[in-house]
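Note sheet for the following structure.
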């Protein structure tokens, strides 16, 4: 094993980390709103949304990610180019950066899993809290934003952690789209030096460190949110006990 080659490849492959994190981050951001809408549609049993969500999830689970990449990146641009030519458009779709296709593909893949995470997390919050919020004058949107979503977020964090880590690992497929991520840089380096084992070892180490760091960050975030929740509950209990103590003291003085 050539340690100098491993170190050189490791340093070069680190330049692909920002691209990997960018694709994962943008995909999650683009997926949040449609995932919430799908989750709420299933919770409130909106017929059209529920049917679409079930079919969409079945399609996502049955389709290999590499197949979607080949379709969106290789086949779809050709079809769109023919359509643009038919309407005499001067826009050349082949000039579009491959990273935009990556955003679309991984957002499409992430939305389904994220909607299931949101649905299971929202289901852990009692329906009575929605009724309680509406009874004090809050709208449905305000109740979800101020009361239900903050509680559901804590329940969703472990699954969000798994989703993010799996998404980061899944972005290693973007080398097929000629995007210079961690895997692509290491494979190019391997082709120059014909030392594939060392290059794949570098890929393994970088993803191990990257996913380990993300897991640690989610653990700290989950711990912090749980600590704040417990602290608020303790303050709420104290605020309830304090007036009762004053009331009992006043009654004893009257006697």
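Numbering (this note's numbering), first residue to last: 3 to 257. C-beta: ideal position from N, C-alpha, C; glycine also. Just so it is clear, the structure is predicted and the values come from calculations on it, not from any experiment.
Residue from the options with nearest C-alpha to residue i
i           : options            : result
residue 117 : 159, 34, 26, 163   : 34
residue 260 : 99, 144, 136       : For residue 260 there is no data in the structure shown, the boundaries of the chain being 3 and 257.
residue 160 : 174, 221, 88, 207  : 221
residue 75  : 25, 103, 185       : 103
residue 111 : 128, 223, 28, 197  : 28
residue 72  : 84, 106, 50, 45    : 106
residue 108 : 82, 23, 52         : 23
residue 165 : 115, 37, 31, 78    : 115
residue 78  : 199, 95, 134       : 95
residue 171 : 138, 199, 210, 152 : 210
Beta carbon of residue i nearer than 8 Å to that of residue j
i           : j           : result
residue 15  : residue 204 : yes
residue 149 : residue 217 : no
residue 2   : residue 123 : As shown, the chain starts at 3 and ends at 257. That puts residue 2 outside it, with no answer to give.
residue 119 : residue 227 : no
residue 154 : residue 126 : yes
residue 121 : residue 45  : yes
residue 201 : residue 52  : no
residue 13  : residue 212 : no
Host alpha helix (DSSP H) of residue i (start-end)
i           : result
residue 166 : 151-172
residue 52  : 49-64
residue 8   : 5-15
residue 189 : 184-195
residue 175 : No alpha helix (DSSP H) holds residue 175; DSSP gives it neither H nor E.
Nearest-angstrom beta carbon gap, residue j and residue i [assumed within contact, 8 Å]
i           : j           : result
residue 26  : residue 169 : 5 Å
residue 181 : residue 208 : At roughly 16 Å, the Cβ-Cβ gap does not stay under 8 Å, so residue 181 and residue 208 are not in contact.
residue 145 : residue 132 : 5 Å
beta-carbon residue i near the ligand GTP non-hydrogen atom, thresh 7 Å
i          : result
residue 59 : The ligand GTP is not part of the structure shown, which contains no ligands of any sort.
Hey, is the region 66-75 in contact with the region 169-178, meaning 3+ C-beta pairs nearer than 8 Å? Yes, they touch.
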